[in-house]
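Take a look at the structure set out below.
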Amino acid sequence: MRCVLAGGSGFLGRALYAELITRGHEVVVLTRGAARDDGGVRFMTWPGEDAPGDWQTELDGAGAIINLAGSGIADKRWTDARKADLRESRVLTTRALVAAIRKATNRPAVFLSSSAVGFYGPQDDKGPELDEAAPPGSDFLSSLASDWEAEAHAATALGCRVIILRTGIVLDRRAGALAKMIPPFQFFVGGPIGSGRQVMSWIHLRDWVALVVWLLEHPTAAGAFNGTAPNPSTNAEFSKALGAALGRPSWLPVPGVALKILVGEMAGPALLAGQRVVPRRALDAGFSFQYTNITTAMADAVR
Ligand SMILES: NC(=O)c1ccc[n+]([C@@H]2O[C@H](COP(=O)([O-])OP(=O)(O)OC[C@H]3O[C@@H](n4cnc5c(N)ncnc54)[C@H](OP(=O)(O)O)[C@@H]3O)[C@@H](O)[C@H]2O)c1
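For the record, in the sequence shown the residue sitting at position 52 is 209 according to my numbering, with numbers rising by one throughout.
Here it is in structure tokens:
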């Protein structure tokens with residue numbers, strides 16, 4: 158089938174389209190960059206908003222639309238302008254995709270749209286497990302995720318099977334959070350952040366890709382799914398596993414107060430607090446995770 162990946166040029170998109178191609182699917186990536194053919198993938202320019210263009214016709218007759226577009230949550234300090242960009246790059250892109258689906262003569266069967274575990278809001282380390290039935294939080298990331306998800310849900314009324322994937326921290330040494338965390342450890346200054354007790358909900362990149370493919374191919378899968386491994390870990394366990402995988406110590410704590418000065422508001426929800434998220438719906442539906450233990454997952458992810 159033809160799979161259209163909006164924002165598919167990034168970390169998760171590249172890993173996903175490699176797997177989709179291996180499985181014999183046709184892949185079209187919607188990018189704000191130049192149109193090109195690259196390694197069996199057709200990159201098509203889109204504006205990231207509801208503006209007419211050839212990109213809209215790509216959605217007509219496609220088997221699946223996968224929405225991964227959005228500017229990087231931890232790339233820059235959260236000024237008001239940056240927060241607006243984080244929101245618009247998700248809400249307006251998703252709205253544009255749904256508008257294009259509405260115009261299509263042959264609407265795609267599946268619309269999988271990314272979300273994040275930030276949906277649940279920051280939780281203290283003694284908080285309960287959060288499955289997909291847990292309510293949203295009330296901080297910036299929660300309201301961003303809620304609005305983002307609401308835009309995607311609008312495709313249900315258009316006859317699409319809508320899947321929302323609330324992804325956790327995806328483990329791979331080449332990109333994402335781990336790529337940012339590895340250098341301090343390599344220079345022997347890695348360690349837990351703040352108290353180290355905050356819970357981190359992670360998933361190995363290979364499991365994330367397998368879960369997306371499984372959700373696309375599983376005809377009854379619809380609604381919200383947590384894209385996290387079954388066993389979240391504390392930040393201290395996560396740091397220890399990273400240090401062990403790199404053959405480096407992991408004892409130098411990063412004080413919360415320094416982090417707040419360094420990165421501002423983002424430090425709270427993104428680094429000093431966490432959430433104990435569990436993939437209840439994927440497990441109940443029979444999805445099998447390859448990586449369930451942080452030590453094993455980390456050893457493979459940084460290899
Ligand atoms: N990686 C994780 O651990 C993680 C965890 C939770 C949720 N997520 C979510 O999953 C999605 C994909 O993550 P990722 O790690 O692959 O991110 P990424 O590497 O930053 O890729 C996101 C893509 O979105 C596009 N994009 C960026 N700003 C945009 C804008 N203003 N308008 C339209 N498109 C824009 C870019 O494509 P072009 O430049 O080609 O247009 C970029 O390649 C994101 O929405 C992210 O929030 C990721």
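Glycine residues also receive a C-beta, built at the ideal position from the N, C-alpha and C atoms. This one's a predicted model, so the numbers in the text were calculated from it and none came from an experiment.
In this structure, does DSSP put residue i in helix, strand or coil?
i      : result
Glu289 : coil
Ile326 : strand
Ser303 : helix
Arg405 : coil
Thr179 : helix
Gly400 : helix
Asp195 : strand
Ala163 : strand
Ala381 : strand
Thr449 : coil
Gly170 : helix
Gly132 : The shown model of the chain, from 158 to 460, leaves out residue 132, and the question about it has no answer.
Phe444 : coil
Met201 : strand
Val411 : strand
Val366 : helix
Going by the beta-carbon positions, is the gap between residue i and residue j smaller than 8 Å?
i      : j      : result
Gln432 : Asp364 : no
Ala175 : Val255 : no
Ala462 : Asp207 : In the structure as shown, the chain starts at 158 and stops at 460, and residue 462 therefore has no counterpart that could be examined.
Val319 : Leu173 : no
Leu243 : Gly167 : no
Ala290 : Tyr277 : no
Pro279 : Asp296 : yes
Leu162 : Gly170 : yes
Ser358 : Ile321 : no
Ser407 : Gly400 : yes
Val267 : Trp305 : no
Asp288 : Gln355 : no
Ile258 : Ile230 : no
Glu215 : Met201 : yes
Thr250 : Gly210 : no
Thr452 : Ala398 : yes
Thr180 : Ala219 : Position check: residue 180 holds Arg in this sequence, whereas Thr was assumed. Result no, Cβ atoms of Arg180 and Ala219 do not sit closer than 8 Å.
Ala309 : Ser270 : yes
Pro426 : Gly275 : yes
Gln343 : Leu428 : no
Arg264 : Gly316 : yes
Ala430 : Ala378 : no
* Residue ranges of each beta strand (DSSP E) run of no fewer than 3 residues wholly in the segment 312-363, ordered along the chain? -> 318-324, 326-328, 359-361
* Output the residue ranges of the alpha helix (DSSP H) runs that lie fully inside the segment 220-295 and measure 4 residues or longer, sorted by chain position. => 237-260
* **Sufficient close CB pairs (3 or more, under 8 Å) joining the segment 292-300 to the segment 344-358** => no
* Asked: Would you say the segment 328-339 touches the segment 443-459, given that touching needs at least three Cβ pairs under 8 Å?
  -> They touch, by the three-pair rule.
* Asked: Quick check: the segment 370-388 against the segment 433-440, are there 3 or more CB pairs under 8 Å?
  -> yes
* Meets three-Cβ-pair contact criterion under 8 Å: the segment 230-239 and the segment 183-203 -> no
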